[in-house]
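**Student:** Please see the structure below; I have some questions.
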Amino acid sequence: MSQTVFEPWNDPQAKPLIQFKNVTKRFGEFVAIDNQTFDIYEREFFALLGPSGCGKTTMMRMLAGFEKPTEGTILLAGQDMAPIPPNKRAVNMMFQSYALFPHLSVWDNIAFGLKRDRKPKDEIAERVAQMLKLVRLEKFAQRKPHQISGGQRQRVALARSLAKAPKLLLLDEPLGALDAKLRQDTQFELVDIQEKTGTTFVIVTHDQEEAMTVASRVAVMDDGKIMQADTPANIYERPNSVYVADFIGDVTIIEGRATKNGNGYDIDFAEGQPTLHAESGKDFQNGQTCHLAIRPEKVAITADKPDTRNALKGTILDIAYLGNLSTYHVKLENDQIIKAQTANTRRLSRRSFTWEDSVWLSWTDTAGVLLEG
Amino acid sequence: MRRLILIAVPYFWLLALFLVPFLIVLKISLSDTALAIPPYTPTLDFSAGWEGIRAFFAELDFENFEFLTTDDLYWKAYLSSLKIAFVATFLTLIVAYPIAYGMASAPDHWRPTLMMLVILPFWTSFLIRVYSWVGILSNEGYLNQLLLSLGLISEPLTILNTNIAVYIGIVYTYLPFMILPIYAALERMDASLLEAAEDLGCSRLTAFWLVTFPLSKNGIIAGCFLVFIPTIGEFVIPSLLGGSKTLMIGKVLWEEFFNNRDWPVASAVAVILLLILIIPIVLFQRNEQKQREAEG
């Protein structure tokens with residue numbers, strides 16, 4: 087039995103939950119968001135990823151209602167959000183600092199939003215109990231925020247923002263304050279809760295691993311623009327720009343000149359170096375500058391010259407030992423550095439290569455991605 | 384050893400500057416008036432040896448404390464002081480909270496300036512500042528002149544030498560003591576708490592009542608004690624601005640000391656005042672400690 091793939095962004099019939107239409111946001115002279123148009127669909131886990139100052143937080147604050155777009159409109163379920171104040175929106179936010187009310191117990195924090203809606207008492211109690219169960223904090227209901235751990239506080243913040251069953255939940259760097267190990271566990275928990283509740287999540291993060299783990303689609307942002315919004319796999323395997331390729335994961339970028347050859351292009355990148363070949367559907371003029379982006383794990387490293395078209399000779403400059411993997415930095419004769427990664431299936435003492443070794447690097451015609459800029 | 388010395392310094396300080404003077408006052412309160420220098424008996428005579436010390440203690444009694452209960456002036460003065468301190472503290476809070484709130488929500492680069500403006504009056508003599516209110520509040524003062532020229536009143540208002548003038552003086556003088564702790568509490572507050580409250584469905588006003596106000600509670604309590612405690616024993620403000628009807632224990636104390644030269648009764652009044660003040664001081668300490676625990 088095949089599962090139906092969740093890809094509403096590829097379905098022309100699907101109605102988006104959120105639509106940004108030519109949204110621009112300026113703070114004085116500074117352009118925080120530059121004329122952006124994109125859609126987010128129901129039940130999506132959408133990640134806004136980018137370095138600090140790229141506009142991802144502004145994007146989120148506009149969704150929450152704390153900022154208004156300077157130009158353009160944001161629609162939530164087809165309705166213009168601009169005139170609706172934050173306290174009237176079916177949108178809740180989980181703050182980076184968690185923003186738990188220090189004078190209220192965990193229970194009262196979660197009930198806070200429900201009480202504002204003047205729901206009957208037993209309904210509130212039932213909903214709070216449900217939320218406490220969801221985040222496994224039943225035992226801590228009467229504690230104050232300063233009496234629980236950071237991870238527990240994070241879960242209280244999540245429960246509080248989910249309590250009102252919002253159409254859209256915004257998460258601002260939700261795991262930023264947790265240590266690495268706890269962060270990993272919490273990432274899967276987040277995905278789990280998102281699937282259980284069926285709420286649309288928009289997460290802001292600068293941690294690409296986090297974005298890749300949790301999100302159904304990742305939007306890579308830079309300078310107020312979304313550079314690419316796609317599934318984690320496509321972002322990684324098929325970046326549309328050098329910026330995205332470079333921002334996500336480890337990559338070697340080789341700049342050269344393209345010449346059409348069969349299904350792809352030949353790339354001349356330096357004098358005295360062999361011509362590389364990469365398959366690509368993109369259009370390049372003969373002699374046009376192109377960038378070949380190649381992931382280190384797709385580069386093989388051997389002692390003898392391999393029998394493939396893309397083979398380069400170099401010496402090992404550096405080895406980064408990561409435990410399960412080792413990344414070799416190999417310097418070619420023209421000083422170009424190429425990264426190659428191998429799995430450490432053998433014990434370290436039996437490693438085949440070491441510093442200053444002369445090695446061959448090779449990859450297939452389809453391993454690299456050819457980009458314009 | 385080093386620790387012991389470190390701890391000994393503040394204890395010595397308390398002993399020399401608080402406990403010893405207090406014991407002297409307590410001793411005088413148990414003495415009798417005398418036409419002598421100092422104006423009370425007995426005085427301790429060590430040259431008479433053990434006998435002298437015994438004779439000294441035999442002469443001490445609670446006569447002056449009994450006297451305080453026979454004349455209703457004293458308990459009326461205590462009560463009136465408490466009432467004036469309560470009302471004045473409340474008025475100071477009303478005036479100070481919006482100022483502290485405004486300071487805390489002002490842009491960062493403005494705050495040091497605003498803080499300076501609150502503290503600046505302290506650089507002038509307290510006496511001169513209170514005295515200048517006489518010029519403002521008197522029948523021919525600036526306030527009446529202004530109101531008359533604006534046509535708001537046809538007869539000058541009598542403010543000076545009434546309790547109203549005393550309240551104005553106290554609120555003016557003690558305002559910084561109320562503003563600063565409230566400002567400190569508000570300034571520490573995470574701004575995202577208000578956004579969170581709004582996000583969860585609060586209007587600005589309910590967010591204030593449910594989040595800002597409870598979180599500034601400790602600052603309010605601290606400020607109230609800082610105003611209430613010194614106000615009870617206040618002497619300068621009621622004697623400069625208050626009238627003959629303004630009854631405050633500080634004034635009574637002064638009159639006993641300097642007009643009647645009755646040091647023993649004056650000391651007894653001071654000892655009772657201290658006992659009354661111990662209650663709010665203990666409460667204040669407990670509030671501070673609770674706050675520290677909540678933060679720790």
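Taken in sequence, the protein lines are chains A and B. Using our numbering, the first residue of the first sequence is number 87, and each one after it goes up by one. Using our numbering, the first residue of the second sequence is number 384, and each one after it goes up by one. Every residue gets a Cβ at the ideal spot worked out from N, C-alpha and C, and that includes glycine. These numbers come from a predicted model, not from an experiment.
Using the beta-carbon of each residue, which ones in chain B are nearer than 9 Å to M148 of chain A?
**Tutor:** Working through the first sequence from its first residue, we reach residue 148 of chain A at position 62. Residues of chain B passing the Cβ test: none, with the nearest at roughly 13 Å.
**Student:** List the residues of chain A whose Cβ lies closer than 7 Å to the Cβ of D573 of chain B, in chain order.
**Tutor:** Mapped onto the second sequence, residue 573 of chain B falls at position 190. Those are S183 and A185, listed as they occur along chain A.
**Student:** So which of B:P621, B:T541 and B:D645 has the shortest CA-CA distance to V554 of chain B?
**Tutor:** Here residue 554 of chain B corresponds to residue number 171 of the second sequence, with the count starting at 1. Nearest option by C-alpha distance: B:P621.
**Student:** When DSSP labels each residue in this structure, what does T496 of chain B get in the three-state scheme?
**Tutor:** As a working mapping, residue 496 of chain B is identified with position 113 in the second sequence. Reduced to three states, the DSSP call for T496 of chain B is helix.
**Student:** Any idea if F608 of chain B is buried or exposed, counting beta-carbon neighbours within 10 angstroms, 16 or more meaning buried?
**Tutor:** Position 225 of the second sequence, counting from 1, holds the residue named residue 608 of chain B. Buried, by the Cβ-count rule.
**Student:** Does the beta carbon of F198 of chain A sit closer than 8 Å to a beta carbon anywhere in chain B?
**Tutor:** Taking the first sequence and counting its residues from 1, one reaches residue 198 of chain A at position 112. Yes, its Cβ sits closer than 8 Å to a Cβ of chain B.
**Student:** Measuring alpha carbon to alpha carbon, tell me which residue in B:G625, B:P425, B:I612 and B:F405 is nearest L666 of chain B.
**Tutor:** As a first step, residue 666 of chain B must be located in the second sequence, where it is residue number 283. For L666 of chain B, the nearest C-alpha among the options comes from B:I612.
**Student:** Where does N601 of chain B land, buried or exposed, given buried means 16+ other C-beta within 10 angstroms?
**Tutor:** Along the second sequence, one-based indexing puts residue 601 of chain B at 218. Looking at its Cβ environment, which holds 16 or more other Cβ atoms inside 10 Å, N601 of chain B is buried.
**Student:** Taking the alpha-carbon positions, what's the R175 of chain A to E581 of chain B distance?
**Tutor:** Position 89 of the first sequence, counted from the start, is the residue given in the question as residue 175 of chain A. Position 198 of the second sequence, counted from the start, is the residue given in the question as residue 581 of chain B. Distance between the alpha carbons of R175 of chain A and E581 of chain B is about 10 Å.
**Student:** Taking a contact to mean a Cβ-Cβ separation below 8 Å, would you say V501 of chain B touches I562 of chain B in this structure?
**Tutor:** Here residue 501 of chain B is taken as the residue at index 118 of the second sequence, counted from 1. Here residue 562 of chain B is taken as the residue at index 179 of the second sequence, counted from 1. Their beta carbons are under 8 Å apart, which means V501 of chain B touches I562 of chain B by this criterion.
**Student:** How long is the line joining the alpha carbons of V177 of chain A and L254 of chain A, rounded to whole angstroms?
**Tutor:** Reading the first sequence from its first residue, position 91 is the one you call residue 177 of chain A. Reading the first sequence from its first residue, position 168 is the one you call residue 254 of chain A. Just so you know, the alpha carbons of V177 of chain A and L254 of chain A end up roughly 5 Å apart.
**Student:** For the candidate residues A:G400, A:E209, A:M180 and A:A297, whose alpha-carbon lies nearest to that of G358 of chain A?
**Tutor:** In the first sequence, counting from the first residue as 1, residue 358 of chain A sits at position 272. Checking every option, the nearest Cα to that of G358 of chain A belongs to A:G400.
**Student:** Once you ignore the five residues that flank N670 of chain B on each side, which residues in its own chain have a CB closer than 8 Å to its CB?
**Tutor:** In the second sequence, the residue the question calls residue 670 of chain B occupies position 287. Around N670 of chain B: N601, I604, A605 and F608.
**Student:** Does the CB of S586 of chain B have a neighbour CB from chain A at under 8 Å?
**Tutor:** Here residue 586 of chain B refers to the residue found at position 203 of the second sequence. With 8 Å as the cut-off, S586 of chain B counts as an interface residue toward chain A.
**Student:** So L623 of chain B contacts chain A; which residues on that side make the cut at Cβ distance below 7 Å?
**Tutor:** To locate residue 623 of chain B, count along the second sequence from 1; it is residue 240. Neighbours of L623 of chain B on chain A: none; closest Cβ ~42 Å, over 7 Å.
**Student:** Sort A:G139, A:T338 and A:G409 by Cα distance to L457 of chain A and report the nearest one.
**Tutor:** In the first sequence, counting from the first residue as 1, residue 457 of chain A sits at position 371. When only C-alpha atoms are compared, the closest one is A:T338.
**Student:** Can you tell me whether K417 of chain A is helix, strand or coil according to DSSP?
**Tutor:** If you number the first sequence from 1, residue 417 of chain A lands on position 331. Note: K417 of chain A maps to strand in three-state DSSP.
**Student:** For Q668 of chain B and M148 of chain A, what's the separation of their Cα atoms in angstroms?
**Tutor:** Sequence index remark: in the second sequence, residue 668 of chain B carries index 285 (1-based). Sequence index remark: in the first sequence, residue 148 of chain A carries index 62 (1-based). One C-alpha to the other measures close to 45 Å.
**Student:** Need the endpoints of the alpha helix (DSSP H) that P621 of chain B sits in, please.
**Tutor:** Position 238 of the second sequence, counted from the start, is the residue given in the question as residue 621 of chain B. Residue range V619 to L624 is occupied by the alpha helix (DSSP H) that includes P621 of chain B.
**Student:** Would A568 of chain B count as contacting chain A if we go by Cβ distances under 8 Å?
**Tutor:** Residue 568 of chain B sits at position 185 when you count from the first residue of the second sequence. A568 of chain B does not count as touching chain A.
**Student:** Counting only Cβ pairs nearer than 7 Å, list the residues of chain A close to A579 of chain B.
**Tutor:** Here the question's residue 579 of chain B lines up with position 196 in the second sequence. For A579 of chain B, the chain A residues whose C-beta falls within less than 7 Å of its own C-beta are F181 and A185, listed in chain order.
**Student:** Would you tell me roughly how many angstroms separate the C-alpha atoms of L200 of chain A and R432 of chain A, rounded to the nearest one?
**Tutor:** Taking the first residue of the first sequence as position 1, residue 200 of chain A is located at position 114. Taking the first residue of the first sequence as position 1, residue 432 of chain A is located at position 346. Taking the CA atoms as reference points, L200 of chain A sits about 57 Å from R432 of chain A.
**Student:** Going straight from the alpha carbon of V517 of chain B to that of V403 of chain B, what length do you get?
**Tutor:** Taking the second sequence and counting its residues from 1, the one referred to as residue 517 of chain B is at position 134. Taking the second sequence and counting its residues from 1, the one referred to as residue 403 of chain B is at position 20. V517 of chain B and V403 of chain B: Cα-Cα distance of roughly 38 Å.
**Student:** Quick check on the DSSP output: the alpha helix (DSSP H) that includes N195 of chain A runs from which residue to which?
**Tutor:** Here residue 195 of chain A is taken as the residue at index 109 of the first sequence, counted from 1. Counting along the chain, the alpha helix (DSSP H) containing N195 of chain A begins and ends at V192 to R202.
**Student:** Counting only Cβ-Cβ distances shorter than 7 Å, please list the residues of the stretch 591-610 of chain B near chain A, keeping chain order.
**Tutor:** Answer set for the stretch 591-610 of chain B: V594, P597 and L598.
**Student:** Please state the DSSP three-state secondary structure of V91 of chain A.
**Tutor:** Within the first sequence, the letter at position 5 stands for residue 91 of chain A. Three-state DSSP puts V91 of chain A in coil, outside helix and strand.
**Student:** Looking at Y457 of chain B and V635 of chain B, is the spacing between their C-beta atoms short of 8 Å?
**Tutor:** Numbered from 1 along the second sequence, position 252 holds the residue referred to as residue 635 of chain B. Numbered from 1 along the second sequence, position 74 holds the residue referred to as residue 457 of chain B. Yes.
**Student:** D332 of chain A touches chain B at which residues, Cβ-Cβ below 7 Å?
**Tutor:** For the purposes of this step, residue 332 of chain A is identified with residue 246 of the first sequence, where counting begins at 1. The contacting residues do not exist; D332 of chain A stays about 32 Å from chain B at best.
**Student:** Any idea if Q165 of chain A is buried or exposed, counting beta-carbon neighbours within 10 angstroms, 16 or more meaning buried?
**Tutor:** As a position in the first sequence, residue 165 of chain A is number 79, starting the count at 1. Answer is exposed; the Cβ neighbour count stays below 16.
**Student:** Leaving out five residues before and five after V277 of chain A in sequence, what residues of the same chain have Cβ atoms less than 8 Å from its Cβ?
**Tutor:** For the purposes of this step, residue 277 of chain A is taken as residue 191 along the first sequence, with counting starting at 1. Within the same chain, V277 of chain A has close Cβ partners F131, T299 and V300.
**Student:** Of the residues A:V242, A:V445 and A:D352, which one's Cα is nearest the Cα of R229 of chain A?
**Tutor:** Start at 1 with the first residue of the first sequence, and residue 229 of chain A comes out as number 143. Selected option, being the one with the closest Cα: A:V242.
**Student:** May I have a chain-ordered list of the alpha helix (DSSP H) segments no shorter than 4 residues that lie completely inside the stretch 449-534 of chain B?
**Tutor:** 455-488, 494-502, 509-520 and 525-533
**Student:** Taking contact to mean 3 or more Cβ pairs, one atom from each stretch, closer than 8 Å, check whether the stretch 482-495 of chain B and the stretch 560-577 of chain B are in contact.
**Tutor:** yes
**Student:** Looking at C-beta atoms only, is the number of pairs between the stretch 318-328 of chain A and the stretch 137-148 of chain A that lie closer than 8 Å three or more?
**Tutor:** no
**Student:** Per DSSP, what kind of secondary structure is T388 of chain A in: helix, strand or coil?
**Tutor:** Against the first sequence, residue 388 of chain A aligns to sequence position 302. Here T388 of chain A sits in strand by DSSP.
**Student:** Quick one: what's got a C-beta closer than 6 Å to P425 of chain B's C-beta in the same chain, skipping five residues either side?
**Tutor:** Against the second sequence, residue 425 of chain B aligns to sequence position 42. Counting only Cβ-Cβ distances below 6 Å, and skipping sequence neighbours, we find F439 and E442.
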